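Below is one structure, written out as structure tokens, with a few remarks after it.
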Amino acid sequence: MRRLLALLAPFVFLLALFAPTAALADPIEQEKAFVFSARALDAETVEVRYQVRRAYYLYGEKFGFTAEPAGVTLGTPLLPPGKPYKDEFFGETIVHRGEVAILIPVAAAEGVSEFVLTARSQGCWDGGICYPPIAQTATIQLAGLPAATGLIDRAIAGGSPGGGSAIPTGGDESGRISALLADAGLFLILASFFGFGLLLAFTPCTFPMIPILSGIIVGHGEHISKMRAFVLSSVYVLGMAVTYALAGVAAGLSGTMLAAAMQNVWVLGGFAFLFVLLSLSMFGFYELQMPSALQSRLSETANHQRKGSLGGIAMMGVLSAIIVGPCVAAPLAGALLYIAQTGDAALGGAALFMMALGMGAPLIAVGVATRSILPRVGPWMEGVKRAFGVMLLGVAVWLVTPVIPAAAVMLAWAVLLVFSGIFLHALDPLPPHAKGWQRFWKGAGVVMLLAGSAMLIGALAGSRDPLQPLAVLRSEGAAPAVTQPRFERVASVSELDVRLAAADRPVMLDFYADWCVSCKEMERFTFANPQVAARMSQMLLLKADVTANNDDDKALLARFNLFGPPGIIFFDPQGREVEGLRVVGFMRAGPFGEILDTALR
Numbered sequence: 303m304r305r306l307l308a309l310l311a312p313f314v315f316l317l318a319l320f321a322p323t324a325a326l327a328d329p330i331e332q333e334k335a336f337v338f339s340a341r342a343l344d345a346e347t348v349e350v351r352y353q354v355r356r357a358y359y360l361y362g363e364k365f366g367f368t369a370e371p372a373g374v375t376l377g378t379p380l381l382p383p384g385k386p387y388k389d390e391f392f393g394e395t396i397v398h399r400g401e402v403a404i405l406i407p408v409a410a411a412e413g414v415s416e417f418v419l420t421a422r423s424q425g426c427w428d429g430g431i432c433y434p435p436i437a438q439t440a441t442i443q444l445a446g447l448p449a450a451t452g453l454i455d456r457a458i459a460g461g462s463p464g465g466g467s468a469i470p471t472g473g474d475e476s477g478r479i480s481a482l483l484a485d486a487g488l489f490l491i492l493a494s495f496f497g498f499g500l501l502l503a504f505t506p507c508t509f510p511m512i513p514i515l516s517g518i519i520v521g522h523g524e525h526i527s528k529m530r531a532f533v534l535s536s537v538y539v540l541g542m543a544v545t546y547a548l549a550g551v552a553a554g555l556s557g558t559m560l561a562a563a564m565q566n567v568w569v570l571g572g573f574a575f576l577f578v579l580l581s582l583s584m585f586g587f588y589e590l591q592m593p594s595a596l597q598s599r600l601s602e603t604a605n606h607q608r609k610g611s612l613g614g615i616a617m618m619g620v621l622s623a624i625i626v627g628p629c630v631a632a633p634l635a636g637a638l639l640y641i642a643q644t645g646d647a648a649l650g651g652a653a654l655f656m657m658a659l660g661m662g663a664p665l666i667a668v669g670v671a672t673r674s675i676l677p678r679v680g681p682w683m684e685g686v687k688r689a690f691g692v693m694l695l696g697v698a699v700w701l702v703t704p705v706i707p708a709a710a711v712m713l714a715w716a717v718l719l720v721f722s723g724i725f726l727h728a729l730d731p732l733p734p735h736a737k738g739w740q741r742f743w744k745g746a747g748v749v750m751l752l753a754g755s756a757m758l759i760g761a762l763a764g765s766r767d768p769l770q771p772l773a774v775l776r777s778e779g780a781a782p783a784v785t786q787p788r789f790e791r792v793a794s795v796s797e798l799d800v801r802l803a804a805a806d807r808p809v810m811l812d813f814y815a816d817w818c819v820s821c822k823e824m825e826r827f828t829f830a831n832p833q834v835a836a837r838m839s840q841m842l843l844l845k846a847d848v849t850a851n852n853d854d855d856k857a858l859l860a861r862f863n864l865f866g867p868p869g870i871i872f873f874d875p876q877g878r879e880v881e882g883l884r885v886v887g888f889m890r891a892g893p894f895g896e897i898l899d900t901a902l903r
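Quick note: the sequence shown uses my numbering, first residue 303, plus one each step.
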């Protein structure tokens, strides 16, 4: 019973932590509930944005805008469609929640380079408090802006329900998820993120957790029950889920990506070295044991406990989440974007917690199945240990892949495959009456030996593609030429503004980091595609390398509400972002080519 209560305690704690989200906490200052900003899109259009915190809303009829000096005239504002609402203060009305973007026509007299925009609004809290009207100001710069581009006309032509005009918002996946968080109810949010986690469970990011969890279950021997295997797996997943929830809240509140601080060559190299040490013990090079003095001190306590510490297993879940979890998957980026915009850290943490539970559900199934499919103790245990040793070595190579040269990665995989084939008796003769499984494993060993040898030859010959290691030997030893788009580096917001102001064609800005696996996948599999490269050659290609995660890198990411790479932003020849075309995360060549076509049009 004590163990069961210990298992349920974290769930009770998290339920108490997130309960205020549904019950609504105390109201906050008006400026924090309705964050105001304004900018000029062109010489005749100003965009006003309000970031409305969850559980708050603005009245559509209360918006008002004036400009000074007298030489600036404002036209009729174009509001996005609101939602009907029966308000206890004003009766039937239209309200706006989430992000509100308003376009305002501007006519400035000759010689006017800037003006002061005053925006008036009024909003309320769902808890029953209505704020007084508020006036907020912003200085709008008109000097150097391009001529009018028909934004207002295109917005009117697009139309929207209720006679308003829909202002386009980000159409990338993280933006859509952020919109889901802003508008949906608590149950739908949590259920959606649980589904996102299930999808993430079948990505390569989650696969390295399988040998870790399986090793924990197998290490408890033959007599572990299915219920015990379920409890151990659940504790492992719970540790992982709590880590994601806390890390997500911290990253959202700080406006930075914690994974950037963790994923560098020293940290990843240290964890990879730890996995190598663990794998060597699986191959019988040594036995991992506690110091004898500590064993003696704990022996009495250990005699009264079942094998395995729930706290230790939870800590393995924590480490697994930090080390091999997805870096910036789109659902995670969407949750962080929502947290940063609304400040609702509790709901964002709950969403990430549910996403991690979705990721962990298949892991729990694997943990229980690992116990249920085990035969009795016997020589097979040595084979299982070696299999887990190979998996741990694979995890070590996977960890350091983003931060070591491609040649070293290929050599590491080659050595791992060759030695794995040898351990599977690829070079040993089969006995005359070998059983079917013996022949099967020898065949698997031969395949590994051949694949490792091909990768080793390719790496030494200059190939850097593990999927085509011998392609370098074609055409008399010369590797086929692959068209690689050429990017210009931008290191700060000011450099980006200069390049955008001088652009005479569409612009593509790519956020990249050396530790970002998806960034390298985009370069290898998407940018290198001939059709994609041909389209990209028609654009000005800019790259923001945020590997160092310094102040300039953070400012670049913050400008576009990004929390880390990969992220791709498109701009028109006038230097304005093309709405709805952001790419967050890896995208294959086909869909990415369609986005490029839209950007070029």
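Note that CB positions come from ideal geometry on N, CA and C, so glycine has one too.
Keep in mind the model is a prediction, meaning the values are calculated, not measured.
query                                                                                                             : result
For residue 584 and residue 746, the rounded distance between their alpha carbons                                 : 20 Å
Separation of residue 888 from residue 804, as counted between CA atoms                                           : 29 Å
Three-state class that DSSP yields for residue 759 in the structure shown                                         : helix
C-beta contact flag for residue 807 and residue 899 at 8 Å                                                        : no
Exposure of residue 373, with buried meaning 16 or more beta-carbon neighbours within 10 Å                        : exposed
Cβ neighbour criterion (16 or more within 10 Å) applied to residue 732                                            : exposed
Proximity of residue 499 and residue 660 at Cβ, strictly below 8 Å                                                : yes
Proximal residues to residue 844 (C-beta, below 8 Å), its chain only, five neighbours per side dropped            : 789, 790, 791, 792, 798, 801, 809, 810, 811, 812
Which of helix, strand or coil DSSP assigns to residue 666                                                        : helix
Closest residue to residue 363 among 384, 369, 343 (Cα-Cα distance)                                               : 384
Element boundaries [beta strand (DSSP E), containing residue 395]                                                 : 393 to 398
C-beta contact flag for residue 433 and residue 399 at 8 Å                                                        : no
Residue 421 and residue 342 closer than 8 Å at C-beta                                                             : no
Enclosing beta strand (DSSP E) for residue 812 [first to last residue]                                            : 809 to 814
Candidates 748, 775, 750, of which the one nearest residue 759 by Cα                                              : 775
Validate contact between the segment 700 to 714 and the segment 760 to 769 using beta carbons, cut 8 Å, 3 pairs   : yes
Residue from 361, 884, 437 with nearest C-alpha to residue 368                                                    : 437
As assigned by DSSP and simplified to three states, the class of residue 822                                      : helix
Residue span of the alpha helix (DSSP H) that contains residue 767, given as start and end                        : Careful: residue 767 lies outside any alpha helix (DSSP H) and carries neither H nor E.
Check whether residue 701 and residue 573 have beta carbons under 8 Å apart                                       : yes
Neighbour-count burial assignment, residue 833, 16 or more Cβ in a 10 Å radius                                    : exposed
Unbroken beta strand (DSSP E) run spanning residue 403, endpoints                                                 : 401 to 410
Residue 840, buried or exposed, once every other Cβ within 10 Å from all chains shown has been counted against 16 : exposed
Member of 769, 901, 877, 419 whose CA lies at the smallest distance from the CA of residue 885                    : 901
Reference residue 376; option with closest CA among 410, 330, 724, 883                                            : 410
Under 8 Å between C-beta atoms of residue 404 and residue 379                                                     : yes
Presumed contact (8 Å Cβ cut-off) between residue 787 and residue 829, rounded CB distance                        : 5 Å
Assigned secondary structure, residue 883 (DSSP; H/G/I helix, E/B strand, else coil)                              : coil
Beta-bridge pairing of residue 546 - partner residues as DSSP gives them                                          : Beta-bridge pairing links residue 546 to no other residue.
Pairwise C-alpha distance: residue 616 and residue 301                                                            : The structure shown has nothing for residue 301, since the chain only spans 303 to 903.
Contact belief for residue 492 with residue 345 at Cβ below 8 Å, rounded distance in angstroms                    : The Cβ separation is near 46 Å, so there is no contact.
According to DSSP, residues forming a beta bridge with residue 385                                                : 397
Residue 354 (DSSP reduced to helix, strand or coil)                                                               : strand
Among 653, 662, 528, 408, the one whose alpha carbon lies nearest that of residue 539                             : 662
Beta-carbon gap between residue 755 and residue 857 smaller than 8 Å                                              : no
Limits of the alpha helix (DSSP H) - the one that residue 723 falls within                                        : 708 to 725
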